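Take the sequence shown: its letter number 72 is residue 77 in the working numbering, and every next letter is one higher.
Reading through the structure tokens given below for one structure.
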Amino acid sequence: MSPQELKDQKLRESYRALLLLLARKPMPDISVTELCQQAGVSRTYFYNHFGNFDEIILAAQEQEICRYLRELPNFQQVDLIGLMTRYFELAQREADNQLLLVKNGKIRVLMATFQQVYRRLLAESRILAKAPLTVEDYYIEFFAGAVINLSVTWLERGMPESPRLMGQKASRFLLRT
């Protein structure tokens with residue numbers, strides 16, 4: 006296993022352990038030692054890679070979104086409907102974990118993850134977006150808040166619409182068409 010694969014595996018195990026612990030108790034009641042034992046990683050690993058539990062969530066969510074996008078066929082550039090559809094597909098796949106994070110007050114971490122991935126996709130020119138709007142102050146924060154709020158509401162309602170329909174709705178709401 007390469008060093009990067011080992012690092013990715015430890016991140017996944019740490020995230021999985023954190024989710025298991027969050028299912029049983031609130032985050033303030035979870036110790037670093039308990040998390041490390043559950044994940045099978047050392048405390049040194051934790052302190053060298055993370056400052057707190059939110060950083061595990063952020064890194065793992067970002068890794069998962071990027072992995073999901075890479076798995077998609079011919080993912081060169083995508084328009085807003087395509088991006089939103091893909092996001093809602095991922096949200097559906099990760100519904101239990103996302104709802105657990107929301108229940109534990111981690112919606113801002115979900116928004117921060119979305120913002121980081123969106124910025125990366127913009128920097129790599131993988132999103133067909135109107136440049137002036139995407140660089141305007143607060144646009145990405147507005148965009149992430151709207152998408153995450155819509156996604157959480159959809160998940161809490163039991164996902165009655167398809168990810169494709171939600172992608173279309175999100176795009177229509179954001180573009181006001």
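Here a beta-carbon is modelled for each residue, glycine too, at the ideal position from N, C-alpha and C.
Only a predicted model underlies this, so the values are computations on that prediction, with no experimental measurement involved.
Using three-state DSSP, classify residue i as helix, strand or coil.
i: residue 132; result: strand
i: residue 114; result: helix
i: residue 32; result: helix
i: residue 52; result: helix
i: residue 141; result: coil
For residue i, does the count of other Cβ atoms within 10 angstroms reach 16, so buried, or fall short, so exposed?
i: residue 37; result: exposed
i: residue 109; result: buried
i: residue 175; result: buried
i: residue 119; result: buried
Based on the DSSP secondary-structure assignment, which residues constitute the bridge partners of residue i?
i: residue 37; result: Bridge partners of residue 37: none, in fact.
i: residue 83; result: 132
How many angstroms separate the CA atom of residue i from the CA atom of residue j?
i: residue 181; j: residue 159; result: 20 Å
i: residue 156; j: residue 31; result: 23 Å
i: residue 102; j: residue 115; result: 11 Å
i: residue 16; j: residue 61; result: 7 Å
i: residue 125; j: residue 149; result: 14 Å
i: residue 43; j: residue 99; result: 21 Å
i: residue 167; j: residue 91; result: 11 Å
i: residue 171; j: residue 93; result: 7 Å
i: residue 132; j: residue 143; result: 18 Å
i: residue 151; j: residue 88; result: 14 Å
Near residue i, which residues of its chain fall below 8 Å by C-beta distance, leaving aside the five closest residues on each side in sequence?
i: residue 95; result: 69, 70 and 73
i: residue 59; result: 111 and 114
Note down, in chain order, each residue of its chain lying with its Cβ closer than 7 Å to the Cβ of residue i, except the 5 sequence neighbours on either side.
i: residue 121; result: 67
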